[in-house]
Structure formats: structure tokens, C-alpha cells
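**Student:** Below: one structure in C-alpha cells.
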Amino acid sequence: MFEVLSKQKDKKPYRLVCISIVSWDGETDSTKEIGSVWKSIIHELAAWTIVYYIVFVVYRVLLDNDKQKVFAAFAQDCNERLDYIPLTFMLGFFVTIVVDRWKNIFANIGFIDNVAFYIASYIRGHDEESKIVRRNIMRYLCLTQILVLRDISLPVRKRFPNLEAVIDAGFLQPHEKRMLDNISNDFTKYWVPINWVFNLCYEMRAKNKVLNDVLLNGMLLEVKNYRSELQTLCNTDWVPVPLAYPQVVFLAVRVYFLICVVSRQYIITDNVENKSLIDLYIPFMTMLQLVFYMGWLKVAEALLNPLGDDDDDFECNYIIDRNITISLLMADQCNDEMPIQMPDLFRTGETPLYSEEAAKMPVKPLIGSAALSSIDEEEKVLMVPHPSSRNPTPDGSPQMRQRFTDKLEAELNREIPMSLQNATLESGRTNFLDVPRRLWNNAFTKKQRSNSQHNLEKVDVEETDVSNSKTIG
Numbered sequence: 001m002f003e004v005l006s007k008q009k010d011k012k013p014y015r016l017v018c019i020s021i022v023s024w025d026g027e028t029d030s031t032k033e034i035g036s037v038w039k040s041i042i043h044e045l046a047a048w049t050i051v052y053y054i055v056f057v058v059y060r061v062l063l064d065n066d067k068q069k070v071f072a073a074f075a076q077d078c079n080e081r082l083d084y085i086p087l088t089f090m091l092g093f094f095v096t097i098v099v100d101r102w103k104n105i106f107a108n109i110g111f112i113d114n115v116a117f118y119i120a121s122y123i124r125g126h127d128e129e130s131k132i133v134r135r136n137i138m139r140y141l142c143l144t145q146i147l148v149l150r151d152i153s154l155p156v157r158k159r160f161p162n163l164e165a166v167i168d169a170g171f172l173q174p175h176e177k178r179m180l181d182n183i184s185n186d187f188t189k190y191w192v193p194i195n196w197v198f199n200l201c202y203e204m205r206a207k208n209k210v211l212n213d214v215l216l217n218g219m220l221l222e223v224k225n226y227r228s229e230l231q232t233l234c235n236t237d238w239v240p241v242p243l244a245y246p247q248v249v250f251l252a253v254r255v256y257f258l259i260c261v262v263s264r265q266y267i268i269t270d271n272v273e274n275k276s277l278i279d280l281y282i283p284f285m286t287m288l289q290l291v292f293y294m295g296w297l298k299v300a301e302a303l304l305n306p307l308g309d310d311d312d313d314f315e316c317n318y319i320i321d322r323n324i325t326i327s328l329l330m331a332d333q334c335n336d337e338m339p340i341q342m343p344d345l346f347r348t349g350e351t352p353l354y355s356e357e358a359a360k361m362p363v364k365p366l367i368g369s370a371a372l373s374s375i376d377e378e379e380k381v382l383m384v385p386h387p388s389s390r391n392p393t394p395d396g397s398p399q400m401r402q403r404f405t406d407k408l409e410a411e412l413n414r415e416i417p418m419s420l421q422n423a424t425l426e427s428g429r430t431n432f433l434d435v436p437r438r439l440w441n442n443a444f445t446k447k448q449r450s451n452s453q454h455n456l457e458k459v460d461v462e463e464t465d466v467s468n469s470k471t472i473g
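Following UniProt numbering, the numbering of the sequence shown begins with 1 at its first residue and continues without gaps.
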């Protein structure tokens with residue numbers, strides 16, 4: 001790996017090119033950089049230019065005047081109907097789908113950092129068994145990633161063409177391969193190393209190497225999330241973009257510019273409606289259109305399968321190497337390590353230093369837009385209630401606050417539970433609907449009066465019935 005990096009020292013990094021390419025300072029030859037638009041479209045642009053000038057020569061040299069008029073009419077008809085191909089809509093919709101798919105794949109590529117932090121922190125112990133278990137758990141997680149990427153990434157497949165290559169690389173041991181082979185089913189075995197991880201974590205909890213069940217649950221949740229990311233990669237590869245859709249888009253772009261070979265010719269024939277006002281030998285605008293549209297299409301083609309071996313595809317082998325190296329360091333060498341705690345340099349309020357060059361750059365602090373207003377903060381402010389809380393609007397309709405108050409009063413006039421009445425009488429306050437105490441007391445008083453009047457009427461009726469019965473007796 002380091003030999004490859006040393007060979008590329010003299011080559012400007014692609015990410016640096018992306019930053020400086022807008023400067024146009026002449027230092028960057030973007031036509032030779034990896035992933036540049038010129039490298040992507042140069043063949044299509046050259047082929048289209050050759051075909052264009054073939055038609056150019058045929059029209060101007062080989063055709064007589066009558067045939068040139070027919071050609072001019074045909075070119076005009078093609079140019080007028082060229083908008084029948086909704087190229088912008090098709091490309092825009094297709095690129096949106098492809099970019100969303102690309103972002104989803106990258107977000108689930110499987111960086112091991114989070115789960116490695118949990119494993120290294122929650123499985124305690126410096127004895128040999130604890131170290132071996134932590135290292136093997138990390139190795140099993142990386143093994144799961146390799147088994148998945150072998151089936152969906154061509155560079156990883158070339159690196160690990162079979163399980164023997166995985167054993168030789170150290171990610172799998174012979175007795176573990178025999179366990180994999182003994183599992184007889186017709187489905188993929190990505191789940192087997194994850195199953196080993198779960199069993200090992202549970203065993204560590206049983207041996208009190210994990211302090212409690214809460215830590216065990218958090219650790220297993222991180223393992224589950226890591227497995228879910230790899231499962232998302234499998235699902236995305238299993239259900240690709242329907243083949244007909246990219247075929248239609250790719251064909252539409254190429255047919256569009258094939259028609260432009262005829263429709264964008266400069267017409268020099270006399271006595272025709274579409275004779276060009278100026279005769280140019282180079283179709284500048286059409287060539288620019290081809291660069292933009294074809295470059296747009298090449299973006300979609302490059303992002304359609306980011307797990308391939310093109311210039312812009314993900315470096316899956318690098319991710320595998322990084323994951324196994326970092327995770328094993330966390331599990332063993334760097335486990336339970338921390339620096340000696342000393343006072344920091346900023347405890348007395350010092351400002352962080354800048355390099356001499358960076359100190360010349362202006363600092364733009366975060367200031368809210370309203371904070372710069374000309375309102376005098378020292379002026380005394382009198383706070384008063386808003387008139388809309390009492391007065392109606394000019395059209396006679398009540399304000400929002402008044403409507404809310406009326407609604408609360410209507411709610412309070414309903415039947416109130418006896419337990420809530422007792423609690424209100426004892427405490428003098430309530431949380432019912434979080435209303436003001438004044439409204440609650442008014443409503444409760446109305447309810448008591450209504451109940452008292454109803455009881456008096458009931459007593460009068462009973463006394464009348466008793467007197468009538470005595471009279472009859």
C-alpha cells in the first residue's frame with residue numbers, strides 16, 4: 001500500500017483538484033485528472049464531431065441545389081420537433097434516483113468505529129482470554145463485511161475469489177471455515193459470524209466481563225446496527241434500478257444528439273425559410289450542449305454502481321483494511337489506555353492560536369440577523385396586555401384567544417368527576433386542562449348551583465307525593 005502511495009506523490013490528489021479547479025490558475029490540467037468531465041465525454045464528443053463534419057461535407061459539396069433544399073427542409077423539421085424528447089426531465093429524474101441510491105450505499109458501507117468503541121469499552125479485562133475474545137469479535141465483524149462485499153463488489157471479489165483466500169488473509173481460520181461448511185442451506189451465510197459475535201458477548205456477560213445487562217444490550221444493539229447496514233447493501237444490490245429505465249435515458253441522449261447532426265447544420269441554401277443568418281463552420285452551442293448533457297449522463301453512469309472498479313467508485317478494499325486495523329488496535333493495544341490528565345492551557349480564558357498565515361484571514365462570528373437591529377436596549381419598556389385578548393376584530397369575529405377561552409368554558413360546563421371535585425375543594429387548585437383558577441371556580445360554582453337547584457326540586461316532588469298519599473289514606 002505504501003509503495004502505491006509513494007508512486008502517486010507526484011500526482012495531484014483528486015479532492016484537491018475539486019477544491020482548486022474553479023481558480024483557473026493554470027496549475028491544474030483537469031483534462032487528465034481522475035473522474036474529470038473531459039475524460040468521461042472526450043470519446044463521445046470526438047465521435048459526434050466527426051459525424052457532424054461528414055454530414056457537413058455531404059450537404060455543402062456532394063448535394064446539388066434541389067437536394068440541398070430537401071435537406072434544409074428536413075433539418076428544419078428535425079429542429080422544430082427536437083423538443084419532443086424531454087431530455088432535461090428524463091435526465092434530472094434519473095440522476096436524482098441514482099444520487100439518492102449512491103448516498104444510501106455510502107451511508108451503509110460499514111465503518112466499524114462505533115461498534116468497535118462499544119466492544120472495546122464494555123468487555124473489560126486485560127487477561128489473555130478477554131483480549132482474544134475482543135480481537136475475535138472485531139475479526140468476525142470484518143469477516144461479515146468481507147462476505148457481503150465479495151458478492152457485490154468486483155474489486156473485493158478479485159481480492160478474495162474464494163474462502164481459501166480469506167483464510168490466507170487472516171480473516172477466517174480453518175476450523176471456522178469447517179463450521180461454515182457444516183451449515184447446510186441454500187442461502188448466504190453472512191449471518192453466521194454475527195451469530196458468533198452475539199454468543200461471545202453473552203458468554204462474556206455470563207463471566208462478568210460485561211458489568212451488567214444494560215451494557216450488554218447497548219453492545220448488541222450496535223452490532224445489530226452494523227449488520228443492518230450491511231444488509232442494506234445486499235438489498236440495494238439485489239434490487240437494482242430497473243434495466244429499462246437507464247436504457248431509455250442513455251438511448252434518448254444519444255438519439256437526441258444524433259438528430260442534432262442534421263438539425264443543427266448551418267443552412268446556406270438560397271430561397272429557403274431556415275437559411276442561417278451567419279455561416280459558422282463550428283457548431284459552438286451544440287457542442288457545449290453535448291458537453292453538458294453528456295457530462296450529466298456520465299455522472300449518472302458513474303454513480304449507478306459505486307461498488308465497481310471505476311475511477312469514482314468506493315475503495316472497498318481500503319475500508320476493509322482500515323476496519324480490521326483500527327478495530328484490533330481498539331481491542332488490544334489501545335484498550336483501556338488514556339493520557340495522564342493534566343490542566344489544559346485554556347482554563348484562564350486564553351484564545352486559541354492561529355498560524356501566521358491564518359491569522360491574516362478575517363473571522364466572521366456567528367451573529368443573529370436581529371441582533372444587529374437599531375433597537376435601543378437601554379430604553380425602558382412598558383409591558384401591557386394585547387388588546388386582541390379582550391376586543392373582537394373589526395369584522396365582529398372573536399380573536400383566537402377569546403375563542404380559546406370560550407372553548408375552555410364550554411369544556412368546564414360539562415360533568416366534572418366527583419374525585420376531581422374533592423381534589424379541587426381540598427387543594428384549591430387543579431391541573432385540569434391547565435386552565436386559570438378563575439375559570440375553574442366559576443364553572444364549579446355554576447355546577448354546584450345547578451345540582452342544588454335540582455336537589456331542591458327533587459325534594460319538593462317527594463314531599464308532594466307523600467302528602468298526596470296521606471290524603472288518599
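Here a beta-carbon is modelled for each residue, glycine too, at the ideal position from N, C-alpha and C.
(1) So within the stretch 173-211, which uninterrupted alpha helix (DSSP H) runs reach at least 4 residues, ignoring any that extend past its ends?
(2) For residue 116, does the three-state DSSP call read helix, strand or coil?
(3) Between 321, 336, 240 and 109, which has its C-alpha nearest residue 117's C-alpha?
(4) What are the start and end residues of each continuous alpha helix (DSSP H) run of 4 or more residues lying completely inside the stretch 43-95, in chain order?
(5) Please work out which residues of its chain come closer than 8 Å, Cβ to Cβ, to residue 210, disregarding the five sequence neighbours upstream and downstream, and give them in chain order.
(6) Assign residue 434 to one of three DSSP states: helix, strand, or coil.
(7) Would you say residue 56 and residue 281 are within 9 Å of each other, going by their C-beta atoms?
(8) Reducing DSSP to helix, strand and coil, say where residue 101 ends up.
(9) For residue 290, which residues of its own chain have a beta-carbon under 8 Å away from its beta-carbon, when the five flanking residues on both sides are left out?
(10) Given residue 167, which residues of its chain have a CB within under 8 Å of its CB, disregarding the five upstream and five downstream residues?
(11) So residue 262 and residue 78 are supposed to be a Cβ contact under 8 Å. How far apart are they, rounded?
(12) On a Cα-Cα basis, can you pick out the residue from 152, 227 and 232 that is closest to residue 195?
(13) Let me check understanding here. Comparing Cα to Cα, which of 269, 111 and 358 lies closest to residue 76?
(14) Considering only the alpha carbon of each residue, which of 314, 80 and 86 lies closest to residue 110?
(15) Going by beta carbon distance, what residues of the same chain come within less than 8 Å of residue 332, once the five residues before and after it are set aside?
(16) Measure the beta-carbon distance from residue 152 to residue 138 and round it to whole angstroms, keeping in mind my assumption that it falls under 8 Å.
(17) For residue 222, which residues in the same chain have their Cβ closer than 7 Å to its Cβ, ignoring the five residues on either side in sequence?
(18) Could you pull out every residue in the same chain whose Cβ sits closer than 6 Å to the Cβ of residue 286, ignoring the five residues on either side in sequence?
(19) Can you list, in chain order, the residues of its chain with a C-beta nearer than 6 Å to that of residue 159? Leave out the 5 residues immediately preceding and following it.
(20) Could you say which of 249, 68 and 234 lies nearest to residue 92 if we only look at CA atoms?
(21) Cα separation between residue 89 and residue 384?
(22) Which residues bound the alpha helix (DSSP H) around residue 265?
(23) Consult DSSP for residue 361 and reduce its assignment to one of helix, strand or coil.
(24) Is residue 247 buried or exposed, if buried means 16 or more other CB atoms sit within 10 Å of its CB?
(25) Which of helix, strand or coil does DSSP assign to residue 217?
(26) Could you round the C-beta distance between residue 99 and residue 296 to whole angstroms and report it? I think they count as a contact, below 8 Å.
(27) Would you tell me roughly how many angstroms separate the C-alpha atoms of residue 154 and residue 310, rounded to the nearest one?
(28) Closer than 8 Å by C-beta to residue 106: which residues in its own chain qualify, once you throw out the five before and the five after it? Chain order, please.
(29) So, with DSSP's three-state summary, where would you put residue 320?
(30) Excluding the five sequence neighbours on either side, which residues of its own chain have a C-beta within less than 8 Å of the C-beta of residue 326, listed in chain order?
(31) My output table needs one value for residue 374: the three-state DSSP class, helix, strand or coil.
(32) Assuming contact is defined by CB atoms lying nearer than 9 Å, are residue 230 and residue 148 in contact in what I supplied?
(33) Residue 288 to residue 188, Cα distance in whole Å?
(34) Check whether the Cβ atoms of residue 102 and residue 303 sit closer than 9 Å, and answer yes or no.
(35) Please report how far the alpha carbon of residue 52 lies from the alpha carbon of residue 36, in whole angstroms.
**Tutor:** Considering the structure as presented:
(1) The qualifying runs are 174-182 and 191-206.
(2) In the structure shown, residue 116 adopts helical secondary structure according to DSSP, grouped into three states.
(3) When C-alpha distances from residue 117 are compared across 321, 336, 240 and 109, the shortest belongs to 336.
(4) Listed in chain order, the complete alpha helix (DSSP H) runs (minimum 4 residues) inside the stretch 43-95 are 65-80.
(5) Residues of the same chain with a CB within less than 8 Å of the CB of residue 210, apart from the 5 flanking positions on each side, are 122, 123, 124, 201, 204, 216 and 219 in chain order.
(6) Confidence at residue 434 is low in this model, with a pLDDT of 46, below 50, so its placement is unreliable and the value that follows should be read with caution. Collapsing the DSSP output to three states places residue 434 in a helix.
(7) The answer is yes: Cβ separation under 9 Å.
(8) Helix, per DSSP.
(9) Closer than 8 Å at Cβ, skipping near neighbours: 41, 44, 45, 48, 257 and 260.
(10) Exclusion of the five residues before and after residue 167 leaves 173, 174 and 177 as the residues of its chain whose Cβ lies within less than 8 Å of its Cβ.
(11) Their Cβ separation, rounded to whole angstroms, is 6 Å, which keeps residue 262 and residue 78 in contact under 8 Å.
(12) Looking at the Cα atoms, 227 is the closest of the given residues.
(13) Of 269, 111 and 358, the smallest CA-CA separation from residue 76 is found for 269.
(14) Comparing Cα positions, the closest option is 314.
(15) Short of 8 Å from the beta carbon of residue 332, and not among the five residues preceding or following it, lie these beta carbons of its own chain, in chain order: 131, 134 and 135.
(16) Between residue 152 and residue 138, the beta carbon gap of about 22 Å keeps them out of contact (Cβ cut-off 8 Å).
(17) Cβ neighbours of residue 222 beyond the five flanking positions: 114, 115 and 118.
(18) Around residue 286: 260 and 264.
(19) Result list for residue 159: 317, in chain order.
(20) Across the set 249, 68 and 234, the C-alpha of 249 shows the shortest separation from the C-alpha of residue 92.
(21) Between residue 89 and residue 384, the C-alpha separation is close to 56 Å.
(22) Per DSSP, residue 265 belongs to no alpha helix (DSSP H) and is neither H nor E.
(23) Coil at residue 361, not helix or strand.
(24) Under this definition residue 247 is an exposed residue.
(25) In the structure shown, the three-state DSSP call for residue 217 is helix.
(26) By a beta-carbon distance limit of 8 Å, residue 99 does not contact residue 296. Their separation comes to about 11 Å.
(27) Distance between the alpha carbons of residue 154 and residue 310 is about 10 Å.
(28) For residue 106, the CB contacts under 8 Å within the same chain, skipping 5 residues up- and downstream, are 306 and 314 in chain order.
(29) If DSSP states are grouped into helix, strand and coil, residue 320 belongs with the helices.
(30) The answer, listed in chain order, is 112, 113 and 116.
(31) Coil, per DSSP.
(32) Yes, the Cβ-Cβ distance between residue 230 and residue 148 is below 9 Å.
(33) So the alpha carbons of these two residues sit roughly 49 Å apart.
(34) For residue 102 and residue 303, yes; Cβs fall inside 9 Å.
(35) Rounded to the nearest angstrom, the two C-alpha atoms are 25 Å apart.
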